[in-house]
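Asker: A single structure is presented below for examination.
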Amino acid sequence: MTRENEVILEVENLKAYYQMNYFGVSREVRAVDDITVTMRKNEVYGIAGESSSGKTSFIKVLAAAIRPPLRVVQGTVKYNFSNGPIDVAHATPEQIETVRWKHLSYIMQGSMSVLNPVRRIGKTFQDFAQRPLGLKGEAFEERVVNHLARLKLPPDVLRAYPHELSGGMRQRVTIGLATVCHPEFIIADEPTTALDVVVQKEVLQLIRDIQTEMGASVVFVTHDMSVHANVADRVGIIYAGRLVEEGPTRDMFFAPKHPYTAHLVASLPRIGDTQQRPALEGRPPNLADPPQGCRFHPRCPLAVDKCRKEVPPMEVVGPDHRTACWRWKDVEPLVNTTAPAGVMA
Amino acid sequence: MSTLLDVRDVSKRFTMGGLFGRKTIDAVMDANFSLSAENPEIFTIIGESGSGKTTLARMILGLEDPTSGEILFRGEKVDRHAGRAARLKFMSHVQPVFQNPFEAFNPLKQIERYLESTARRFLDTGDKAVIDRAMDEALQKVGLSLKEVRGRFPHEMSGGQLQRCAIARALIPNPPLLIADEPVSMVDASLRMSIVNLLKSLRDDLKVSVIYITHDLATAYYISNRLIIMQRGRIVEMGDARTVLDNPEHPYSRLLKASVLSTDDAGAGKLMTDAGMLDLATDSVGQAGRLVDRADGRSVRVYEGV
Amino acid sequence: MFSIFRDLVRYNVEFAIGLVLVGIMVVFAGLSFFSPIDPSLIYMTIPDQPPSAQFWFGTNSRGQDMFWQLSAAFKNSLQFGITVAVLSRIISITVGLAAGYIGGWVDRVLMFVNDIFVAVPIFPILVLFYFVLRNHMDSFTMALILACFGWPFDARLIRSVALGLKHREFTRHAVFAGMSTRKVLLEEHLPYVMPIVFATFMNNMLWSIGMEVTLAVLGFTNINNPTIGTVLYWANSHSAMVVGVWWWLVIPVILIVITFLGLFLLAMSMNEYIDPRSRLRRMGA
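Printed below as a string of structure tokens:
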């Protein structure tokens with residue numbers, strides 16, 4: 001249990017903005033606006049947020065893929081890897097190179113963006129993993145084949161071209177690619193969004209299995225709350241560039257303390273229920289011109305004057321559970337869900 | 001009782017490849033169903049990618065010709081090669097709602113342009129006041145107004161609002177049938193329910209029939225009257241939505257239901273799919289079988305010797 | 001419209017430089033309308049004078065003031081280039097968009113014709129036209145002929161973009177909104193091919209002026225009509241460099257370089273501006 005509480009990633013007051021200038025129209029998009037979060041070893045941390053909530057930018061910073069016009073304006077992103085700590089927001093490309101793939105790897109949404117369509121899978125494995133693993137020839141091949149076997153992939157896939165595999169197979173290959181070096185931290189960005197439900201479930205199971213087996217930490221990004229319900233240990237919700245709530249998955253689903261979380265959870269219809277589902281009106285704010293105070297207030301049913309003026313701070317509301325809402329005490333789950341025993345209400 | 005839409009033994013076969021290695025794909029095989037003109041309903045087509053659900057929708061819209069069989073709309077054959085006047089007449093009765101609202105509007109053009117064109121063409125008028133009134137009425141039906149939409153570009157609106165605009169546009173000619181191909185899959189979770197609820201109210205309040213194409217069993221259960229489940233081009237189960245989904249009978253339908261991620265045990269990390277169920281479902285692929293009616297009103301595909 | 005112009009000048013160095021260069025050349029060419037002498041006449045002044053306060057660009061061996069001579073030449077050549085480019089753009093947009101969007105046999109027929117035009121060698125054909133038409137071969141006729149040959153590559157480029165646009169959902173949406181094919185092509189698809197049109201406009205001008213120069217230098221055009229090509233033709237036939245009248249060749253070449261550099265910079269910066277992606281970003285998408 002001590003291992004579980006070791007911190008692998010500390011993000012402090014991270015602000016990352018897009019600064020753009022087009023023919024005199026200059027815009028600053030505050031994609032990540034003051035996010036502080038820590039992630040532990042051996043946990044799956046789910047990040048949920050809608051399109052243009054800033055979650056993709058946040059992930060870019062975590063993945064040390066910060067390219068203009070995105071810029072880290074403030075804050076640190078510190079990983080505690082086994083080869084020493086590193087702040088990827090301020091590290092040099094050479095320093096980042098030492099951790100990439102070996103300690104920090106990614107599973108991306110479209111498998112086609114990692115797998116070169118005109119190269120055999122085996123070649124792609126060589127390109128990505130040979131150097132970080134420091135193995136050559138047969139030793140490398142053996143390592144890869146063994147690893148693929150764990151993912152229930154036959155060694156033949158190494159000789160295949162990406163288009164010869166099904167979508168689910170391809171996604172398994174990219175998982176293999178991301179995990180072959182036994183990284184300590186894996187960033188999974190919408191890895192199952194493009195998959196059919198049957199395959200999605202298998203792939204999620206696979207990610208979960210390999211994570212437990214290797215003891216790695218996974219940041220799992222998806223807008224789909226039902227995926228989080230099944231893979232994440234903890235979930236963090238991002239709204240308009242800010243972390244609005246974070247907590248153990250069960251608490252987030254059965255006792256949310258932020259109205260936005262409550263809505264996200266309630267907006268999932270289930271087979272078997274026919275009661276009218278509440279719909280959230282309005283639209284996510286424009287990050288170039290976010291509303292004053294709490295950014296959710298224009299859409300929030302609980303909003304009071306204070307919410308319109310003052311930014312709510314992150315408050316601890318339970319074990320491991322933080323929320324940024326002035327009225328968190330009044331937040332009720334919107335749909336009658338019977339919470340299993342052991343969940344704080 | 002008259003029929004609105006009659007899909008009769010429709011099949012679609014695509015031929016892929018060039019001179020060598022030509023292969024055929026049966027996208028849709030022997031699809032049969034009909035919608036009644038008197039009782040508007042939400043008819044759902046469920047399937048995964050490659051199930052043929054989108055091809056079926058394209059055929060109903062007259063964008064693709066069936067290889068065999070025919071599709072009748074109010075007794076008239078849906079024909080891609082009919083003259084422009086006939087096509088326009090058909091379009092004024094059957095309108096589509098597309099999957100990705102951000103793609104359905106040209107990002108460089110104002111949103112109202114599509115509404116205006118629809119009103120001008122299908123109401124056959126050049127009177128600005130009439131067009132504006134038609135646009136506003138249609139937008140009111142989806143909970144928006146012309147004032148909110150006028151002069152706006154697609155990127156100034158959320159996916160949910162855009163999808164409403166798209167639905168409003170489709171409603172301008174007062175069509176009795178809408179074909180909605182995965183209308184919520186690209187819409188953010190918090191806005192999704194508003195679209196689903198809207199489809200429901202179109203049926204209940206405006207008496208519009210909707211063919212709702214989706215891979216999401218939960219929303220299908222929530223809004224549809226009847227549904228069909230398609231696997232690799234074949235309808236494997238068809239019937240009342242609640243009857244079928246509460247207790248699916250075909251192995252593939254059961255697999256689909258079992259694969260829906262449940263939030264009941266959030267955080268418990270239960271994901272296992274029953275391997276036996278998967279095998280059963282894949283066994284039936286490629287077998288013709290036949291649809292058999294059951295006592296509770298559903299039809300299920302059964303295979304000889306099973 | 002004016003504000004776009006102002007923004008471009010203020011925030012885009014390439015555009016500003018291009019504008020200045022092209023501006024200079026346009027003014028220079030425009031001066032030919034006020035020319036005190038008819039540029040087609042010869043021995044109007046002292047021959048072979050080097051550039052001086054009286055003759056800014058010197059005079060040539062045919063007794064013409066090079067300033068007014070070149071002014072007329074650039075006017076004619078620019079006019080010629082623009083005519084060819086505009087005409088061939090119209091053909092390539094029409095063919096490219098129609099072939100890409102309508103597809104089927106329309107596409108096959110149009111691309112068949114397209115490929116024939118790509119394959120046919122243009123130079124011998126132009127020479128043939130010259131021999132057939134002789135004195136009727138004025139610069140507008142030649143512009144028409146070149147325009148007929150200047151579109152096929154660009155039509156293919158435009159077609160490839162149109163093919164992609166055809167399958168975008170907004171195209172189908174437009175069809176179900178009752179828009180006619182013409183409307184879909186001109187209003188929905190045209191903005192997406194404008195960057196190609198602009199880039200190829202510039203290339204096409206360059207190509208057609210170059211073609212004109214080649215023909216003129218060989219004497220296959222009306223050599224009494226001053227153009228960049230005929231100026232070089234006469235300089236060559238009087239062995240200008242050998243007899244030391246260097247300004248007869250050097251000044252036109254410098255002016256040509258300025259023209260094309262300016263056109264290139266303008267096209268490049270305009271292209272960036274009208275590119276749908278950058279337009280969308282400016283709009284705040």
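Residue numbers (full-length UniProt numbering), protein chains in the order written: chain A, 1 to 345; chain B, 1 to 306; chain C, 1 to 285. Quick reminder that beta carbons are idealized off the backbone N, C-alpha and C, glycines included. From a predicted model like this one, the values you see are computed outputs, not experimental measurements.
(1) For Asn-76 (chain C), collect the residues of the same chain with a Cβ closer than 7 Å to its Cβ; drop the 5 residues on either side in sequence, then sort them by chain order.
(2) Please confirm whether Leu-177 (chain B) and Leu-35 (chain B) have their CB atoms less than 9 Å apart.
(3) Would you say the stretch 245 to 263 of chain B touches the stretch 196 to 211 of chain A, given that touching needs at least three Cβ pairs under 8 Å?
(4) Does His-297 (chain A) have its Cβ less than 9 Å from a Cβ in chain B?
(5) According to DSSP, is Lys-141 (chain B) part of a helix, a strand, or is it coil?
(6) Would you mind sorting Met-241 (chain C) into buried or exposed? The rule is 16 or more other CB atoms within 10 Å of its CB.
(7) The beta strand (DSSP E) that contains Tyr-114 (chain B), what's its start and end?
(8) Starting from Gln-211 (chain A), trace the alpha helix (DSSP H) both ways and give me its first and last residue.
(9) Let's test the definition: count the other Cβ atoms within 10 Å of the Cβ of His-263 (chain A) and tell me whether it reaches 16, buried, or not, exposed.
(10) Nearest-angstrom Cα distance between Thr-98 (chain A) and Ser-51 (chain A)?
(11) Can you give me, in chain order, the residues of the stretch 150 to 180 of chain C that have a beta carbon less than 9 Å from any beta carbon in chain B?
(12) Rounded to a whole number of angstroms, what is the C-alpha to C-alpha distance between Leu-5 (chain B) and Arg-277 (chain A)?
(13) Please state whether the Cβ-Cβ distance between Ile-172 (chain B) and Leu-198 (chain B) is less than 9 Å.
(14) Quick one: residues in its chain with C-beta nearer than 6 Å to the C-beta of Thr-259 (chain C), no 5 flanking neighbours on either side, listed in chain order?
(15) List the endpoints of the continuous alpha helix (DSSP H) containing Val-257 (chain C).
(16) Please list the terminal residues of the continuous alpha helix (DSSP H) segment that includes Ile-223 (chain B).
(17) In three-state DSSP terms, what is Ile-4 (chain C)?
(18) Determine the contact status of Val-86 (chain C) and Leu-146 (chain C), defining contact as a CB-CB distance below 9 Å.
(19) Hey, is Lys-75 (chain C)'s beta-carbon within less than 9 Å of any beta-carbon in chain B?
(20) Check each residue of the stretch 199 to 212 of chain A: if its Cβ is closer than 8 Å to any Cβ of chain B, include it; give the result in chain order.
(21) Grouping DSSP H, G and I as helix and E and B as strand, with all else coil, what is Ser-88 (chain C)?
(22) Over the uninterrupted alpha helix (DSSP H) stretch that includes Arg-301 (chain B), give me the two end residues.
(23) Going by the beta-carbon positions, is the gap between Gln-95 (chain A) and Asp-34 (chain A) smaller than 9 Å?
(24) Which whole-angstrom value describes the C-beta separation of Phe-264 (chain C) and Met-202 (chain C), a residue pair presumed to lie in contact below a C-beta threshold of 8 Å?
(25) Over the uninterrupted beta strand (DSSP E) stretch that includes His-173 (chain C), give me the two end residues.
(26) Quick one, which residues of the stretch 147 to 180 of chain B are near chain A if we go by CB-CB under 8 Å, in chain order?
(27) Can you tell me where the beta strand (DSSP E) with Glu-50 (chain A) in it begins and where it stops?
(28) What are the boundary residues of the alpha helix (DSSP H) that Ser-104 (chain A) is part of?
(29) Between which two residues does the beta strand (DSSP E) containing His-81 (chain B) stretch?
(30) Measure the alpha-carbon distance for Thr-214 (chain C) versus Lys-183 (chain C) and round it to whole angstroms.
(31) Could you have a look at His-93 (chain B) and say whether DSSP puts it in helix, strand or coil?
(32) On the DSSP bridge assignment, give the partners of Phe-43 (chain B) in chain order.
(33) Return the Cβ separation of Ile-158 (chain C) and Gly-96 (chain C) in integer angstroms, given the expectation that the two are a contact with Cβ distance under 8 Å.
(34) Is there a Cβ of chain A sitting closer than 9 Å to that of Ser-284 (chain B), yes or no?
(35) Candidates A:Asp-330, A:Pro-269, A:Arg-242, A:Asn-286: which alpha carbon is nearest Val-37 (chain A)'s?
(36) When you compare the CB positions of Ile-186 (chain A) and Lys-55 (chain A), do they come within less than 9 Å of one another, or not?
Answerer: Let's see:
(1) Once the five neighbours on either side are set aside, the close Cβ partners of Asn-76 (chain C) are Ser-139, Asn-225, Pro-226, Thr-227.
(2) Taking 9 Å as the cut-off, the Cβ atoms of Leu-177 (chain B) and Leu-35 (chain B) count as close.
(3) In this structure the stretch 245 to 263 of chain B lies against the stretch 196 to 211 of chain A, because at least three pairs of beta carbons, one per stretch, are closer than 8 Å.
(4) By the rule that beta-carbons nearer than 9 Å mark a contact, His-297 (chain A) does not touch chain B.
(5) It is helical.
(6) Flag for Met-241 (chain C) reads exposed.
(7) Counting along the chain, Tyr-114 (chain B) falls outside any beta strand (DSSP E), though it belongs to the alpha helix (DSSP H) covering 112 to 122.
(8) First-last of the alpha helix (DSSP H) with Gln-211 (chain A): 197 to 214.
(9) Around the CB of His-263 (chain A), 16 or more other CB atoms lie within 10 Å, so the residue is classed as buried.
(10) Here the C-alpha atom of Thr-98 (chain A) lies approximately 32 Å from the C-alpha atom of Ser-51 (chain A).
(11) Contact annotation: in the stretch 150 to 180 of chain C, residues whose CB is within less than 9 Å of a CB in chain B are Arg-168, Glu-169, Phe-170, Thr-171, Arg-172, His-173, Ala-174, Val-175, Phe-176, Ala-177, Gly-178, Met-179, Ser-180.
(12) Linking Leu-5 (chain B) to Arg-277 (chain A) through their CA atoms gives a straight-line distance of about 30 Å.
(13) Not a contact, by the Cβ cut-off of 9 Å.
(14) Once the five neighbours on either side are set aside, the close Cβ partners of Thr-259 (chain C) are Met-25.
(15) Membership of Val-257 (chain C) in the alpha helix (DSSP H) is indicated by the continuous run 247 to 274.
(16) First-last of the alpha helix (DSSP H) with Ile-223 (chain B): 217 to 223.
(17) Assignment of Ile-4 (chain C) by DSSP, reduced to helix, strand and coil, places it in the helix class.
(18) No. Outside cutoff.
(19) Not one chain B Cβ lies under 9 Å of Lys-75 (chain C).
(20) Closer than 8 Å at the C-beta level to chain B, one finds these residues of the stretch 199 to 212 of chain A: Gln-200, Lys-201, Glu-202, Leu-204, Gln-205, Arg-208.
(21) The answer is helix: DSSP assigns Ser-88 (chain C) an H, G or I state.
(22) Arg-301 (chain B) -> not in any alpha helix (DSSP H); beta strand (DSSP E) instead, spanning 299 to 302.
(23) No, Cβ-Cβ distance for Gln-95 (chain A) and Asp-34 (chain A) is not below 9 Å.
(24) With 8 Å as the limit, Phe-264 (chain C) and Met-202 (chain C) qualify as a contact, their Cβ atoms being about 6 Å apart.
(25) That residue, His-173 (chain C), is in no beta strand (DSSP E); its alpha helix (DSSP H) goes 169 to 176.
(26) Within the stretch 147 to 180 of chain B, the residues whose Cβ lies closer than 8 Å to any Cβ of chain A are, in chain order, Met-157, Ser-158, Gly-159, Gly-160, Gln-161.
(27) First-last for Glu-50 (chain A): undefined, no H or E at that position.
(28) It is worth fixing the name first, because residue 104 (chain A) is Leu in this sequence and not Ser. No alpha helix (DSSP H) holds Leu-104 (chain A); the beta strand (DSSP E) holding it covers 104 to 107.
(29) From DSSP, His-81 (chain B) is part of no beta strand (DSSP E); its letter is neither H nor E.
(30) Roughly 41 Å separates the two Cα atoms.
(31) Coil.
(32) Per DSSP, B:Ile-211, B:Arg-226.
(33) At roughly 3 Å, the Cβ-Cβ gap stays under 8 Å, so Ile-158 (chain C) and Gly-96 (chain C) are in contact.
(34) At least 9 Å separates the CB of Ser-284 (chain B) from every CB of chain A.
(35) Proximity to Val-37 (chain A) across A:Asp-330, A:Pro-269, A:Arg-242, A:Asn-286 peaks at A:Arg-242, based on C-alpha coordinates.
(36) No, these two residues do not count as a Cβ contact at 9 Å.
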